[in-house]
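Structure, as structure tokens:
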């Protein structure tokens, strides 16, 4: 099973490369991403979180499950909603569990891309699914949720991670 990369690993701060090869290896990567995500009770996982610099994420939240390759995210409802958010790649070094903090995110988004068979994917989302999509796409851009926090709050989390 692939190990979840944690803050400090350069792959988490590097924008991911587009997926260009739609082969057996890609299908296996998607399976491994779901396995890694389920093993730690996650709801979303971006490829860089397991050390693979490719624009791909998987999700399974509120009975919605899937994957999106080369996603493009569009904000449909810019009203920001703050809610508790954590990240598998920002665990508390003592407990190993994600550190949560209130993060403001857009209320509604649409993500578009393709699936492993190059079929178009377009998902409109609100609530926790919209939050998940925004979180995972930021991973693909080399950003973490702590980047959205006030400096002092981010420092506090970083001192525990």
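In this note's numbering, the protein residues as written are 19 to 179.
Where a beta carbon is used, it is the ideal one built from N, C-alpha and C, also for glycine.
Three-state class that DSSP yields for residue 77 in the structure shown
strand
Residue 43 by DSSP, collapsed to three states: which one?
helix
For the beta strand (DSSP E) holding residue 91, just list the boundary residues, first then last.
82–103
Select from 112, 96, 175, 119 the residue whose C-alpha is nearest the C-alpha of residue 144.
96
Sorted by chain position, which residues of the same chain lie with C-beta nearer than 6 Å to residue 93's C-beta, five sequence neighbours on each side aside?
124, 127
C-alpha gap between residue 36 and residue 80, whole angstroms
28 Å
What do you reckon, are the CB atoms on residue 132 and residue 87 nearer than 9 Å?
yes
Bounding residues of the alpha helix (DSSP H) (the contiguous stretch that carries residue 149):
145–158
Please look up how many angstroms separate the CB atoms of residue 25 and residue 179, rounded, as I've assumed it's under 8 Å.
5 Å
Buried versus exposed call for residue 119 [16 or more other C-beta atoms within 10 Å across all chains shown]:
buried
Go through its chain and collect everything with a Cβ distance to residue 164's Cβ below 7 Å, but skip five positions before and after it.
108, 172, 175, 176
Going by beta carbon distance, what residues of the same chain come within less than 6 Å of residue 159, once the five residues before and after it are set aside?
33
If you count every other CB in all the chains shown that lies within 10 Å of the CB of residue 103, and 16 or more means buried, which is it?
buried
Taking residue 153 as the reference, which of 69, 45, 74 has the closest Cα?
74
Residue 28 versus residue 66: straight-line alpha-carbon distance, rounded:
10 Å
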